[in-house]
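Enquirer:
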Amino acid sequence: MSKWFQFRSNPRVRRFGEFSWYLFVFASWLPVAVLANDHFFEITRVNGPSMYPFLNPDKDRSLTRDCVWTWKYDAHDKLARGMIVIFWSPFNPETRVIKRIVGLEGDVIRTKPPYPVATVQVPPGHVWVEGDGDVTQDSNTYGPIAKALIIGKVTHIIWPLNRVGRVNWEEYAAEIRRNS
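Note that UniProt numbering has the sequence shown beginning at 1, numbered continuously upward.
Right, dumping it as C-alpha coordinates:
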(Lines of atoms letter the chains of each structure in order from A and count residues from 1; the text may use other names and numbers.)
(Lines give C-alpha, C1' and ligand atoms only; values in the text may rest on other atoms or scores of the structure.)
Protein backbone atom coordinates (compact mmCIF):
# COMPACT_ATOMS: atom_id res chain seq x y z
CA MET A 1 0.00 0.00 0.00
CA SER A 2 1.39 3.39 -0.96
CA LYS A 3 2.06 6.06 1.63
CA TRP A 4 -0.36 8.41 -0.12
CA PHE A 5 -3.20 5.89 0.07
CA GLN A 6 -2.48 5.25 3.75
CA PHE A 7 -2.47 8.98 4.39
CA ARG A 8 -5.79 9.54 2.53
CA SER A 9 -7.52 6.60 4.24
CA ASN A 10 -6.74 7.95 7.72
CA PRO A 11 -10.11 9.00 9.33
CA ARG A 12 -8.62 12.26 10.63
CA VAL A 13 -7.47 13.25 7.17
CA ARG A 14 -10.88 12.39 5.71
CA ARG A 15 -12.66 14.55 8.30
CA PHE A 16 -10.25 17.40 7.62
CA GLY A 17 -10.91 17.02 3.89
CA GLU A 18 -14.66 17.22 4.40
CA PHE A 19 -14.27 20.21 6.73
CA SER A 20 -12.03 22.04 4.26
CA TRP A 21 -14.59 21.41 1.50
CA TYR A 22 -17.39 22.92 3.61
CA LEU A 23 -15.12 25.81 4.56
CA PHE A 24 -14.33 26.42 0.88
CA VAL A 25 -18.03 26.42 -0.07
CA PHE A 26 -18.89 28.79 2.79
CA ALA A 27 -15.99 31.12 1.97
CA SER A 28 -16.88 31.22 -1.73
CA TRP A 29 -20.49 32.27 -0.98
CA LEU A 30 -19.58 34.81 1.69
CA PRO A 31 -18.85 37.65 -0.80
CA VAL A 32 -22.21 37.00 -2.48
CA ALA A 33 -24.00 37.25 0.87
CA VAL A 34 -22.17 40.48 1.76
CA LEU A 35 -22.98 42.02 -1.63
CA ALA A 36 -26.65 41.06 -1.32
CA ASN A 37 -26.85 42.46 2.23
CA ASP A 38 -25.15 45.74 1.28
CA HIS A 39 -27.06 46.48 -1.93
CA PHE A 40 -30.24 44.41 -2.24
CA PHE A 41 -31.88 43.33 1.01
CA GLU A 42 -31.39 42.78 4.70
CA ILE A 43 -33.27 41.52 7.71
CA THR A 44 -33.77 44.31 10.24
CA ARG A 45 -34.84 44.02 13.86
CA VAL A 46 -37.28 46.74 14.95
CA ASN A 47 -36.67 48.23 18.39
CA GLY A 48 -38.67 50.81 20.28
CA PRO A 49 -42.29 51.96 20.42
CA SER A 50 -42.28 54.59 17.66
CA MET A 51 -44.00 52.38 15.07
CA TYR A 52 -46.47 50.86 17.54
CA PRO A 53 -49.08 49.45 16.91
CA PHE A 54 -48.14 48.48 13.32
CA LEU A 55 -44.73 47.12 14.33
CA ASN A 56 -43.97 45.63 17.75
CA PRO A 57 -47.65 45.39 18.77
CA ASP A 58 -46.69 43.31 21.83
CA LYS A 59 -44.14 45.85 23.08
CA ASP A 60 -45.66 45.98 26.57
CA ARG A 61 -46.41 42.26 26.97
CA SER A 62 -43.36 40.59 25.51
CA LEU A 63 -39.66 40.96 24.77
CA THR A 64 -40.33 39.85 21.20
CA ARG A 65 -39.42 42.41 18.57
CA ASP A 66 -40.53 42.35 14.96
CA CYS A 67 -38.01 41.47 12.28
CA VAL A 68 -38.65 42.92 8.84
CA TRP A 69 -37.38 42.36 5.32
CA THR A 70 -35.85 45.56 3.99
CA TRP A 71 -35.46 46.02 0.23
CA LYS A 72 -32.42 48.24 -0.42
CA TYR A 73 -32.14 48.27 -4.21
CA ASP A 74 -33.39 51.61 -5.59
CA ALA A 75 -34.30 52.70 -2.06
CA HIS A 76 -34.77 56.34 -3.12
CA ASP A 77 -36.98 55.60 -6.13
CA LYS A 78 -40.76 55.16 -6.31
CA LEU A 79 -41.36 56.33 -2.76
CA ALA A 80 -45.01 56.74 -1.80
CA ARG A 81 -47.08 57.98 1.12
CA GLY A 82 -47.65 55.19 3.63
CA MET A 83 -44.42 53.29 2.89
CA ILE A 84 -42.26 52.34 5.85
CA VAL A 85 -38.59 53.19 5.31
CA ILE A 86 -35.34 52.78 7.18
CA PHE A 87 -32.95 55.72 7.08
CA TRP A 88 -29.91 57.20 8.80
CA SER A 89 -30.90 59.49 11.66
CA PRO A 90 -30.29 63.18 10.92
CA PHE A 91 -29.32 63.63 14.61
CA ASN A 92 -27.01 60.63 14.93
CA PRO A 93 -25.51 59.36 11.65
CA GLU A 94 -24.58 56.02 13.26
CA THR A 95 -28.22 55.22 14.10
CA ARG A 96 -30.81 53.76 11.77
CA VAL A 97 -34.43 54.80 12.19
CA ILE A 98 -37.67 53.26 10.91
CA LYS A 99 -40.67 55.50 10.11
CA ARG A 100 -43.62 55.87 7.74
CA ILE A 101 -43.56 58.34 4.82
CA VAL A 102 -46.33 60.90 5.33
CA GLY A 103 -45.36 63.49 2.73
CA LEU A 104 -43.43 63.66 -0.53
CA GLU A 105 -41.64 66.60 -2.09
CA GLY A 106 -44.04 69.45 -2.76
CA ASP A 107 -46.66 68.26 -0.22
CA VAL A 108 -47.88 70.71 2.40
CA ILE A 109 -47.88 68.97 5.80
CA ARG A 110 -49.74 69.92 8.96
CA THR A 111 -47.06 69.48 11.59
CA LYS A 112 -47.32 68.38 15.21
CA PRO A 113 -45.45 69.68 18.24
CA PRO A 114 -42.52 70.22 18.73
CA TYR A 115 -42.22 71.47 15.13
CA PRO A 116 -42.00 75.29 15.27
CA VAL A 117 -44.55 76.10 12.51
CA ALA A 118 -48.08 74.80 11.82
CA THR A 119 -47.50 73.79 8.18
CA VAL A 120 -44.45 73.09 6.07
CA GLN A 121 -43.90 72.35 2.39
CA VAL A 122 -41.63 69.37 1.80
CA PRO A 123 -38.65 70.58 -0.28
CA PRO A 124 -37.41 68.81 -3.44
CA GLY A 125 -35.35 65.70 -2.72
CA HIS A 126 -36.90 65.25 0.74
CA VAL A 127 -39.73 63.32 2.42
CA TRP A 128 -41.69 63.87 5.64
CA VAL A 129 -41.65 60.84 7.96
CA GLU A 130 -43.58 60.10 11.13
CA GLY A 131 -43.83 57.21 13.56
CA ASP A 132 -47.15 55.45 14.08
CA GLY A 133 -46.83 55.64 17.87
CA ASP A 134 -47.26 58.53 20.28
CA VAL A 135 -43.66 58.42 21.51
CA THR A 136 -41.54 59.14 18.45
CA GLN A 137 -38.76 61.34 17.16
CA ASP A 138 -39.59 61.99 13.54
CA SER A 139 -39.86 64.85 11.04
CA ASN A 140 -41.84 66.80 13.65
CA THR A 141 -38.56 66.85 15.60
CA TYR A 142 -35.93 67.21 12.88
CA GLY A 143 -37.87 68.35 9.81
CA PRO A 144 -38.02 66.75 6.36
CA ILE A 145 -35.29 64.19 5.65
CA ALA A 146 -33.23 63.98 2.48
CA LYS A 147 -34.02 60.99 0.26
CA ALA A 148 -30.29 60.26 0.27
CA LEU A 149 -30.57 59.20 3.93
CA ILE A 150 -33.01 56.39 3.06
CA ILE A 151 -31.42 52.94 3.26
CA GLY A 152 -34.37 50.78 2.26
CA LYS A 153 -38.10 50.11 2.16
CA VAL A 154 -39.73 47.66 4.56
CA THR A 155 -41.63 45.12 2.44
CA HIS A 156 -42.42 42.17 4.74
CA ILE A 157 -42.67 41.23 8.39
CA ILE A 158 -40.76 37.96 8.89
CA TRP A 159 -40.93 37.60 12.69
CA PRO A 160 -42.88 36.74 14.82
CA LEU A 161 -44.31 33.87 12.80
CA ASN A 162 -47.93 34.76 13.57
CA ARG A 163 -47.43 38.10 11.78
CA VAL A 164 -45.42 36.94 8.74
CA GLY A 165 -46.54 38.63 5.55
CA ARG A 166 -46.34 41.57 3.20
CA VAL A 167 -46.51 45.10 4.62
CA ASN A 168 -49.72 46.61 3.23
CA TRP A 169 -48.66 50.25 3.24
CA GLU A 170 -51.30 51.18 0.63
CA GLU A 171 -54.01 51.13 3.33
CA TYR A 172 -52.10 53.80 5.24
CA ALA A 173 -51.57 55.90 2.11
CA ALA A 174 -55.34 56.40 1.77
CA GLU A 175 -55.62 57.33 5.47
CA ILE A 176 -52.74 59.81 5.16
CA ARG A 177 -54.44 61.52 2.19
CA ARG A 178 -57.68 61.87 4.19
CA ASN A 179 -55.88 63.42 7.17
CA SER A 180 -53.71 65.85 5.17
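Glycine included, each C-beta is placed from N, C-alpha and C at the ideal position.
Closer than 6 Å by C-beta to Thr-119: which residues in its own chain qualify, once you throw out the five before and the five after it? Chain order, please.
Expert: Position 119 of the sequence shown, counted from the start, is the residue given in the question as residue 119. Contacts found: Val-108, Arg-110.
Enquirer: Between the alpha carbons of Asn-56 and Asp-66, how many angstroms are there, rounded?
Expert: Reading the sequence shown from its first residue, position 56 is the one you call residue 56. Reading the sequence shown from its first residue, position 66 is the one you call residue 66. Cα to Cα, the separation comes out at about 6 Å.
Enquirer: With a 10 Å radius around its C-beta and 16 neighbouring C-beta atoms as the bar for buried, classify Val-85 as buried or exposed.
Expert: Translated into positions along the sequence shown, residue 85 becomes position 85. Buried, since its Cβ has 16 or more Cβ neighbours within 10 Å.
Enquirer: By the three-class DSSP mapping on this structure, what secondary structure does Phe-24 have?
Expert: The residue you call residue 24 lines up with position 24 of the sequence shown. In the structure shown, Phe-24 sits in a helix (DSSP, three-state: H, G or I).
Enquirer: Just curious, the alpha helix (DSSP H) that Thr-141 is in, first and last residue?
Expert: Numbered from its first residue, the sequence shown carries residue 141 at position 141. Note, Thr-141: alpha helix (DSSP H), 139-142.
Enquirer: I'd like to know if the region 145-153 and the region 80-99 are in contact, where contact means that at least 3 CB-CB pairs between them fall below 8 Å.
Expert: Touching, yes, given that three or more Cβ pairs across the two stretches are closer than 8 Å.
Enquirer: Kindly identify the DSSP beta-bridge partner or partners of Glu-42.
Expert: By one-based count along the sequence shown, residue 42 stands at place 42. According to DSSP, Glu-42 bridges with Thr-70.
Enquirer: With a CB to CB cut of under 7 Å and the five nearest residues on each side skipped, what residues in its chain are close to Asn-47?
Expert: As a first step, residue 47 is located in the sequence shown; it is residue number 47 there, counting from the start. Excluding positions up to five away in sequence, the list reads Arg-65.
Enquirer: Taking contact to mean 3 or more Cβ pairs, one atom from each stretch, closer than 8 Å, check whether the region 69-82 and the region 154-166 are in contact.
Expert: Taking 8 Å as the limit for Cβ pairs, the verdict is that the region 154-166 does touch the region 69-82.
Enquirer: Once DSSP output is grouped into helix, strand and coil, what is the label at Ala-118?
Expert: Walking along the sequence shown from the start, residue 118 turns up at place 118. Looking at Ala-118 - three-state DSSP - the assignment turns out to be coil, as it is neither helix nor strand.
Enquirer: Phe-54 lies in the beta strand (DSSP E); which residues open and close that run?
Expert: For the purposes of this step, residue 54 is taken as the residue at position 54 of the sequence shown. Note, Phe-54: premise wrong, no beta strand (DSSP E); not H, not E.
Enquirer: Taking all protein chains shown into account, do 16 or more other C-beta atoms lie within 10 angstroms of the C-beta of Tyr-52, making it buried, or fewer, making it exposed?
Expert: Position 52 of the sequence shown, counting from 1, holds the residue named residue 52. Classification of Tyr-52: buried, given that the 10 Å Cβ count is 16 or more.
Enquirer: Cα-Cα, which of Asn-140, Glu-18, Ala-75 is closest to Glu-42?
Expert: Walking along the sequence shown from the start, residue 42 turns up at place 42. Among Asn-140, Glu-18, Ala-75, the Cα nearest to that of Glu-42 is on Ala-75.
Enquirer: What are the boundary residues of the beta strand (DSSP E) that includes Glu-130?
Expert: Walking along the sequence shown from the start, residue 130 turns up at place 130. 126-130 is the span of the beta strand (DSSP E), which, as asked, contains Glu-130.
Enquirer: Let me know the secondary structure DSSP gives Ala-146 once reduced to three states.
Expert: Start at 1 with the first residue of the sequence shown, and residue 146 comes out as number 146. Three-state DSSP puts Ala-146 in a strand.
Enquirer: Would you report the Cα separation of Gly-82 and His-126, rounded to the nearest angstrom?
Expert: Position 82 of the sequence shown, counted from the first residue, corresponds to residue 82. Position 126 of the sequence shown, counted from the first residue, corresponds to residue 126. When rounded, the distance between both Cα atoms is 15 Å.
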